[in-house]
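Asks: Using this note's numbering, you'd call the opening residue of the sequence shown number 33 and step up by one each time.
All residues carry an ideal CB built from backbone N, CA and C; glycine is no exception.
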Amino acid sequence: MTPAPSGAGEPAGLDPARAVQIITTLRSGAGRRGSGYRMTGDVVLTAAHVIGDAASVQVRFVHQDGSVRDVPGETVWADTPADIALLKIADGSGPDERYAVDVPPVRFARVGRPVDCAALGFPRFKLRRDAAWPEHGPLTSYRDTHHALGQAVPLSNQRQGTLEIARLAAPEHDQDPDRSPWEGMSGAAVWSDGCLIGIVSEHHRSDGLGRLTARPVHRWYACLSPARIGELGELIGLPLDADRLDRLPRPSPPPPDGPPELREAVRKLAATVHDQWDREERRRKVHDPMPLTVRFRPADAGLFDHWANIRRSAPGTDPGPLPLAGRLQHIVQVYRSVPSARLVVLGAAGSGKTILTLRFVLDRLGDRTPDDPVPVIFGLGAWDPRSTSLRDWMCDQLVRDYGLAARDPDMPGRNLAGALVDTGRILPVLDGFDEIASGLQGEALDKLNATTTPLLLTSRPAQYAQAVAATDVLSGAAVVQLDDLTLGDLADYLPRASRPGVDGGLHGTVWEPVLARLGTRPRERGTHNVATVLTTPLMVAMARTIYSDAPGRDPSELLDTTRFRTADDLRKHLLAAFTPTAYHRPPTDSDPATGRRRRRHWDPERAHRWLGYLAAHLTRLDTADLAWWQLGTTLRRSTRVLVVGFLAGLSFGVTTAVGNLPVDLVATSHGARFALVRGLVVGLLHGLAVGFAFGMVYAFISRGATEPSRFRVRLFGGGRERRARFLPRFTVGLAFGTPIALVLVLVDRGVVEPLGLADGLDGGLLGALMFVPGAGLGIGLVLGIVAWLEVPSDIRSAVRPAALLNDNRKNVVFHMLVWALVFGLAAGVANGITDGPLRGFLAGLVFAGEAAFGCGLGYGLSWTAWGQWVALSRIWLPLTGRVPWALIAFLNDACERGVLRQAGAVYQFRHAELRDHLAQTFREHDSQLPFPYR
33 MTPAPSGAGE PAGLDPARAV QIITTLRSGA GRRGSGYRMT GDVVLTAAHV IGDAASVQVR
93 FVHQDGSVRD VPGETVWADT PADIALLKIA DGSGPDERYA VDVPPVRFAR VGRPVDCAAL
153 GFPRFKLRRD AAWPEHGPLT SYRDTHHALG QAVPLSNQRQ GTLEIARLAA PEHDQDPDRS
213 PWEGMSGAAV WSDGCLIGIV SEHHRSDGLG RLTARPVHRW YACLSPARIG ELGELIGLPL
273 DADRLDRLPR PSPPPPDGPP ELREAVRKLA ATVHDQWDRE ERRRKVHDPM PLTVRFRPAD
333 AGLFDHWANI RRSAPGTDPG PLPLAGRLQH IVQVYRSVPS ARLVVLGAAG SGKTILTLRF
393 VLDRLGDRTP DDPVPVIFGL GAWDPRSTSL RDWMCDQLVR DYGLAARDPD MPGRNLAGAL
453 VDTGRILPVL DGFDEIASGL QGEALDKLNA TTTPLLLTSR PAQYAQAVAA TDVLSGAAVV
513 QLDDLTLGDL ADYLPRASRP GVDGGLHGTV WEPVLARLGT RPRERGTHNV ATVLTTPLMV
573 AMARTIYSDA PGRDPSELLD TTRFRTADDL RKHLLAAFTP TAYHRPPTDS DPATGRRRRR
633 HWDPERAHRW LGYLAAHLTR LDTADLAWWQ LGTTLRRSTR VLVVGFLAGL SFGVTTAVGN
693 LPVDLVATSH GARFALVRGL VVGLLHGLAV GFAFGMVYAF ISRGATEPSR FRVRLFGGGR
753 ERRARFLPRF TVGLAFGTPI ALVLVLVDRG VVEPLGLADG LDGGLLGALM FVPGAGLGIG
813 LVLGIVAWLE VPSDIRSAVR PAALLNDNRK NVVFHMLVWA LVFGLAAGVA NGITDGPLRG
873 FLAGLVFAGE AAFGCGLGYG LSWTAWGQWV ALSRIWLPLT GRVPWALIAF LNDACERGVL
933 RQAGAVYQFR HAELRDHLAQ TFREHDSQLP FPYR
């Protein structure tokens, strides 16, 4: 039996893959159902009464894809008064990762005041008919999982010594009056704040359907002897003393001034976020010449929570609504007027939600005090609420976009991103709720409702209303909706955004005829189309770019109903004309990395096609984030494997061929012709073998995009953490390098020598026996040394995509240097001792070159994000015409032209409508490419 983990990993909270159903067959032949939780590799916790008088027990695991696996279980520990039992899984092995022995430990806690809690079990009211039930066969059914969310109330049931779980979503009464709909929930682990606080034991009818009773962990110590507590400690890691339990709710987070490391991280983050979005606002010309009049008003009442909840009023009071109407410049004022600090902003596509979030962030930062949280924009389209909690996802985004991967000095198992989120130093601005994958928006709303985190959330109205109808309103949140622009707004803005008229004033601009027709003939089809389309800031901004910023264009053509019969035709025209217009004018901003203005002139037609490919790439990935490390991942996997394998083999083969020439010329008497022929043959054969090996490595690890490294090299400090990383990397290197070395030896002995190309320098059998393990140890040492020297990047090095790319390139170059040093020194010293210093120096030089440019570069191409970027995005995609050769320069230039924007470490199209239009256009013309899209 696997003992409870001891320091093997960080304690984990509720993991749905470890929640199990207990199926008990009684000695009488009857059945009983319950729930449980896998505590270690082969031990499951449940309630004792679930398995009482059992003839047999089955433990059922449920995969996320809906499939199940039943595993026999046997009782190894039980106590009826405490209602606790442990089952040993009879067959804990298997290829599925859920059955791996390495199961993170569980943290236990006691509850002192009411706290939110959750349990995952299999109650009777989740009974479902099996979809695979044959029409004329016997009826089969199953119990599905139920994620119960409630509140643990510790002061109830004190005489009984149990924990009341209140505020549960009440199921319907069971059709059988003698059975509870909660039947089968017994044994489910109850969780709060990442800790196990008890197990569900019973449902009292008199408490109603919205309450359950659990056996709290801290009461186990009163029911069990110290010896029995010790047994639980060995089996599931229960602390030996109740005083060692975590206490919930936890103490309030430290004051915002906090430790100096957190203060510095907050200061840098606030400055970085401000610079990032201030630059973006200037690129969008939000204040040039003035902001568009973006108005908002309270949304429909059905999308709100109760005003009493929004205003945090006392019980029994009805405070009434807040005044929420305002303009763009009032958004921070309105947000601060909401006591719950939760605000939802709804708006149609292009209605100004992004502009509003930029203004919100910049205004909040503009008058921020050191105690205020930092507003950070998170694009919700990248969040999968099924697999990741909001907290963990935000931490990942902060690490990706702002480099907050350094260790929290106050909690070793947490990084700075987690520290800032957990201590309330981040104000999430959740942009694009509607961009969450279809079908997951309701689940995302449930996850948001499981927290009380202050936030600002944006969405299109229809998607948000559907999620509310399917689940519930966002708890405590006020909701506002953006209004359409009016004719007066257009009349105020468009003339001022154009060249002055002949009199030098606002009269006589290119927009005057259009605005006059809109005012005098609003019912004409042409004016109706224009008035319908120009109701959003997005379309107005595009119309400005096309007709105000570019000379020689007349906006009166927008009224032509022969070209634009409908408003949709007009919208498509603006989307289609925007990109070519943007590329007919020079960029307006300087390169933020160097401060120098880059005046690149891209062909508009080719730029449009390249942007179309990038948009189609995002559509295939179903994301808004254009990450450089994901480019090329939508190619066929076979294509990617061939490209990576070919380049890795080419680098190793050429290096080997070149390296053999001086060795054979100096160390043998065979002459130049022999050295040349042998070098070509050995280079070809070794390149094929190594290219195949690295290609297979890439095929194995390329099921998704390889994440970029967020580490930098530091020579000193962090000893314990470095030692923990050394051994796993060393083991991987040894396991990979040894068979590769063996293959190379077999190629030399089985192919090169029979061709008469043996040079007599391989050391015979002894040399082969030393080379194979020596190469394996060397590769393991290289990977171990690199892991030893890596430390998390700081916030200054991972804000922009180019910066993250440069960091990863430096890491690969450093890898190559380590390869050269390890193999060059080893070969030089060994050959210098046996053959003299000259041959030792020559051998060291050759081995250093082969290791760096052969193995090191091959490793980089197949195992690192930068190497795969080079292979796919810097070589293959430009070679096939999909992207330009200077891709990063092109992407940065597109940001300067207002086509893309930088969002931390990734790029995004300025709007989803533009992205979708470019993707559709690209797909329609895909057949014109020299190679198919995939």
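Output the residue ranges of the beta strand (DSSP E) runs that lie fully inside the stretch 371 to 438 and measure 3 residues or longer, sorted by chain position.
Replies: 374 to 378 and 406 to 411
Asks: Have a look at the DSSP bridge pairing and note the partners of Cys149.
Replies: Gly182
Asks: Could you pull the DSSP bridge partners for Leu968 from this structure?
Replies: The structure shown does not extend to residue 968, since the chain is modelled only from 33 through 966, so no value can be given for it.
Asks: Is Gly352 helix, strand or coil when you go by DSSP?
Replies: coil
Asks: Tell me, please, whether the stretch 648 to 667 touches the stretch 413 to 425 by the rule of three or more beta-carbon pairs shorter than 8 Å.
Replies: yes
Asks: Could you compute how far the alpha carbon of Gly681 sits from the alpha carbon of Leu720?
Replies: 6 Å
Asks: Can you list, in chain order, the residues of its chain whose CB lies under 6 Å from that of Ala297, leaving out five sequence neighbours each side?
Replies: Leu448
Asks: What residue from Arg64, Trp851 and Asp97 has the CA that sits closest to Arg156's CA?
Replies: Arg64
Asks: Might you give, ordered along the chain, the residues of its own chain that have their beta carbon closer than 7 Å to the beta carbon of Gly644, omitting 5 neighbours on each side?
Replies: Leu950, Ala951, Thr953 and Phe954
Asks: Rounded to whole angstroms, how far is the Cβ of Ala141 from the Cβ of Val249, which I believe are closer than 8 Å?
Replies: 7 Å
Asks: Taking buried to mean at least 16 other C-beta atoms within 10 Å of its own C-beta, is His616 buried or exposed?
Replies: For His616, the number of other beta carbons within 10 angstroms of its own is below 16, and it is reported as exposed.
Asks: Since Arg237 and Ser212 are thought to touch, with beta carbons under 8 Å apart, how far apart are those beta carbons, to the nearest angstrom?
Replies: 7 Å
Asks: Starting from Met111, trace the beta strand (DSSP E) both ways and give me its first and last residue.
Replies: Reading off the sequence shown, one finds Asp at residue 111, where the question assumed Met. It spans Val100 to Asp111 - the beta strand (DSSP E) in which Asp111 sits, taken as one unbroken run.
Asks: Return the chain-ordered list of same chain residues with a C-beta closer than 6 Å to the C-beta of Ala807, the five sequence neighbours on each side being excluded.
Replies: Gly769 and Ala773
Asks: Do Gly230 and Arg247 have their C-beta atoms closer together than 8 Å?
Replies: yes
Asks: Return the CA-CA distance between His178 and Phe154, expressed in angstroms with no decimal places.
Replies: Spanning the two alpha carbons is a distance of roughly 6 Å.
Asks: Is Asp581 helix, strand or coil by DSSP?
Replies: coil
Asks: Starting from Cys227, trace the beta strand (DSSP E) both ways and give me its first and last residue.
Replies: Counting along the chain, the beta strand (DSSP E) containing Cys227 begins and ends at Cys227 to Glu234.
Asks: Please report the distance separating the alpha-carbon of Asp428 from that of Tyr434.
Replies: Rounded to the nearest angstrom, the two C-alpha atoms are 10 Å apart.
Asks: For Gln308, count neighbouring Cβ atoms within 10 angstroms of its own Cβ and tell me buried if that reaches 16, exposed if not.
Replies: buried
Asks: For the structure I just gave you, are there three or more beta carbon pairs, one from the stretch 257 to 264 and one from the stretch 352 to 367, closer than 8 Å?
Replies: No, because fewer than three Cβ pairs between the stretch 257 to 264 and the stretch 352 to 367 fall closer than 8 Å, the two stretches do not touch.
Asks: Helix, strand or coil: which one does DSSP assign to Val500?
Replies: helix
Asks: If we require 4 or more residues per run, which alpha helix (DSSP H) segments fall completely within the stretch 299 to 359?
Replies: Fully contained in the stretch 299 to 359 are the following alpha helix (DSSP H) runs of length 4 or more, in chain order: 339 to 342.
Asks: By the 10 Å Cβ neighbour count, where 16 or more other Cβ atoms means buried, how is Gln473 classified, buried or exposed?
Replies: buried
Asks: For Leu394, which residues from the same chain have a beta carbon less than 8 Å from its beta carbon, with the 5 sequence-adjacent residues on both sides left out?
Replies: His306, Trp309, Asp310 and Glu313
Asks: Which one of Asn561, Thr78, Arg557 and Ala608 has the shortest CA to CA distance from Ala220?
Replies: Of the candidates Asn561, Thr78, Arg557 and Ala608, the one whose C-alpha sits nearest the C-alpha of Ala220 is Thr78.
Asks: Given that a residue counts as buried once 16 or more other Cβ atoms are within 10 Å of its Cβ, and exposed if not, what is Glu467?
Replies: buried
Asks: What does the alpha-carbon distance come out to for the pair Asp521 and Val408?
Replies: 30 Å
Asks: With DSSP run on the structure shown, which of helix, strand or coil describes Gln190?
Replies: coil
Asks: At the level of alpha carbons, what is the spacing between Lys300 and Val318?
Replies: 25 Å
Asks: State whether the stretch 662 to 682 contacts the stretch 894 to 905, with contact taken as three or more CB pairs (one from each stretch) at a distance under 8 Å.
Replies: yes
Asks: Taking the continuous beta strand (DSSP E) assigned at Tyr253, which residues delimit it?
Replies: No beta strand (DSSP E) holds Tyr253; the alpha helix (DSSP H) holding it covers Val249 to Cys255.
Asks: By the three-class DSSP mapping on this structure, what secondary structure does Pro569 have?
Replies: helix
Asks: Which stretch, first to last residue, makes up the alpha helix (DSSP H) that contains Phe724?
Replies: First-last of the alpha helix (DSSP H) with Phe724: Ala704 to Ile733.
Asks: Roughly how many whole angstroms lie between the Cα atoms of Leu58 and Ser233?
Replies: Their backbone Cα atoms lie some 19 Å apart in a straight line.
Asks: From this set, Ala659, Val764, Ile578 and Val784, which residue's C-alpha is nearest Gly711's C-alpha?
Replies: Val784
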